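Undergrad:
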Amino acid sequence: MTIEITNESGVSVDETVLLRLTEHNLAQLNVSPDADLAILLVDEGAMESLHVQWMDEPGPTDVLSFPMDELRPGTEDAPTPPGLLGDIVLCPQVAETQAQAARHTTLDELILLTTHGLLHLLGFDHAEPEEEREMFGLQRELISAFHASERRRA
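So the sequence shown is residues 17 to 170, counted in the working numbering.
What follows is the structure in structure tokens.
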């Protein structure tokens with residue numbers, strides 16, 4: 017599995033945690049170890065440009081996902097085939113503002129946003145109430161399991 021993380025945001029981010037998180041989540045979702053994914057961290061100006069270009073919405077946002085091969089989660093017996101998952105774009109400055117409002121760390125917010133972006137790459141959405149319940153429930157489970165695995169590492 018190739019997970020490429022590029023930080024162009026100007027903000028120091030613990031990329032090793034995001035890498036472990038993404039590897040953990042992909043394993044939990046039975047995605048092929050031969051799948052590829054890119055995570056890009058950008059500043060507010062770059063994120064605003066992407067937000068306007070792709071979503072036709074003003075201002076920077078926290079996370080954008082750009083799926084490529086339309087892969088879906090697999091099962092233990094039938095993992096997702098190899099392919100290109102796509103790109104997750106994060107804005108640490110927006111994440112920091114949201115983290116302060118939520119009263120947790122910026123890294124915790126980036127963990128949430130990375131997981132959220134990955135689920136979008138795998139076809140999950142939250143436009144409808146039932147979709148939102150499913151996606152956000154899975155998001156909570158993945159983050160909780162990741163935090164438990166991190167505690168075991170310590």
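Note that beta-carbon positions come from the ideal geometry of N, C-alpha and C, so glycine has one too.
Quick caveat, the model's predicted, so the values are computed rather than measured.
Excluding the 5 residues flanking Gly-102 on each side, which residues of the same chain have their C-beta closer than 6 angstroms to its C-beta?
TA: One-based indexing of the sequence shown puts residue 102 at position 86. Around Gly-102: Phe-82, Pro-83, Met-84 and Leu-137.
Undergrad: I'd like to know whether the C-beta atoms of Glu-24 and Ala-62 end up nearer to each other than 9 angstroms.
TA: Numbered from its first residue, the sequence shown carries residue 24 at position 8. Numbered from its first residue, the sequence shown carries residue 62 at position 46. The answer is yes: Cβ separation under 9 angstroms.
Undergrad: What are the boundary residues of the alpha helix (DSSP H) that Asn-41 is part of?
TA: Numbered from its first residue, the sequence shown carries residue 41 at position 25. It spans 31-44 - the alpha helix (DSSP H) in which Asn-41 sits, taken as one unbroken run.
Undergrad: Apart from the five residues on each side of it in sequence, which residues of its chain come closer than 6 angstroms, Cβ to Cβ, to Asp-52?
TA: Counting from 1 along the sequence shown, the entry for residue 52 is found at position 36. Thr-18 and Leu-100.
Undergrad: Starting from the C-beta of Gln-44, find all residues in its chain whose C-beta is less than 7 angstroms away, skip the five residues before and the five after it, and write them out in chain order.
TA: Within the sequence shown, numbered from 1, the residue matching residue 44 stands at position 28. Here the set comprises Leu-158 and Ala-161.
Undergrad: Between Val-79 and Val-105, how many whole angstroms is the CB-CB distance? I'm expecting something under 8 angstroms.
TA: Numbered from its first residue, the sequence shown carries residue 79 at position 63. Numbered from its first residue, the sequence shown carries residue 105 at position 89. Distance from Val-79 to Val-105 at the Cβ level is roughly 7 angstroms; contact confirmed, criterion being Cβ atoms closer than 8 angstroms.
Undergrad: My output table needs one value for Glu-20: the three-state DSSP class, helix, strand or coil.
TA: Mapped onto the sequence shown, residue 20 falls at position 4. Strand.
Undergrad: Going by the DSSP bridge assignment, what does Leu-80 pair with across the sheet?
TA: Within the sequence shown, residue 80 is the residue found at index 64, counting from 1. In DSSP, Leu-80 forms a bridge with Val-105.
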